[in-house]
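Remarks on the structure that follows.
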Amino acid sequence: LAPTNTVAQDMGRDGFKKAATVHSEVFALNNQRVQWDRWTVVIVDEAAMLDTKMMAAVVTNAYEAGAKLILVGDDRQLSSIERGGMFGALKDQYGAASLTEITRQYKQEDRRAAAMMAEGNFSDAVAIYEKKGGILWSRTQEEARARLVGRWTADTESSPEKSRFVFAYTNADVDL
Numbered sequence: 049l050a051p052t053n054t055v056a057q058d059m060g061r062d063g064f065k066k067a068a069t070v071h072s073e074v075f076a077l078n079n080q081r082v083q084w085d086r087w088t089v090v091i092v093d094e095a096a097m098l099d100t101k102m103m104a105a106v107v108t109n110a111y112e113a114g115a116k117l118i119l120v121g122d123d124r125q126l127s128s129i130e131r132g133g134m135f136g137a138l139k140d141q142y143g144a145a146s147l148t149e150i151t152r153q154y155k156q157e158d159r160r161a162a163a164m165m166a167e168g169n170f171s172d173a174v175a176i177y178e179k180k181g182g183i184l185w186s187r188t189q190e191e192a193r194a195r196l197v198g199r200w201t202a203d204t205e206s207s208p209e210k211s212r213f214v215f216a217y218t219n220a221d222v223d224l
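Here's what the structure looks like:
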């Protein structure tokens, strides 16, 4: 399970037999469309993003069914929009295991940068990406926008079969 559909879809692509959002699973449980039992193993990825009410629903359902519940996440990352913090409280109360081997990044320098960010060493991590051209600096927003559009145009012309993604923080930025 995951708090967002995007993460749930990623879990499905990663080989999980059933991947769904926490909200849809709790809805299905409440309406007897799904049933957990003592043979059920529930893994909740990005569990720190769950609000207190949804975390309570998952924990209660797992407890009542005798299901095994595994919460995965980082309480230092994005938290829930609503009242939350239960993941961190559960971690502090019951303990947690830590994953230390980075597998998402394939290149050693990317793994090193990810480890640095996990330790809070953002300036050195950014320097790694800057050195290999992954971060470009501009003095003004207009300059940054012009460089972005120029790079996007050049990349599109050189490899039109590849997809590209440009992120804008607000709709007003998109209109510029």
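If you want the numbering used here, it's the 1-based position in the sequence shown plus 48. Virtual Cβ for every residue (Gly too), placed ideally from N, Cα, C. What you are looking at is a predicted structure, and each value in this text was computed from that prediction instead of being measured.
Check: Is there contact between the stretch 128-147 and the stretch 95-112, where contact requires at least three CB pairs shorter than 8 Å?; Outcome: yes
Check: Buried or exposed: where does N109 fall if 16 or more other Cβ atoms within 10 Å of its Cβ makes it buried?; Outcome: buried
Check: On the DSSP bridge assignment, give the partners of T69 in chain order.; Outcome: A50
Check: With which residues is I176 paired in a DSSP beta bridge?; Outcome: DSSP output for I176 lists no bridge partner at all.
Check: Could you check the C-alpha separation between T204 and Q83 for me, to the nearest Å?; Outcome: 49 Å
Check: Which one of N78, L49 and R81 has the shortest CA to CA distance from V89?; Outcome: L49
Check: Determine the closest residue to D93 out of R86, A76 and D62, with distance taken between C-alpha atoms.; Outcome: D62
Check: Leaving out five residues on either side along the sequence, give the residues of the same chain with a beta carbon under 7 Å from the beta carbon of D122.; Outcome: A96
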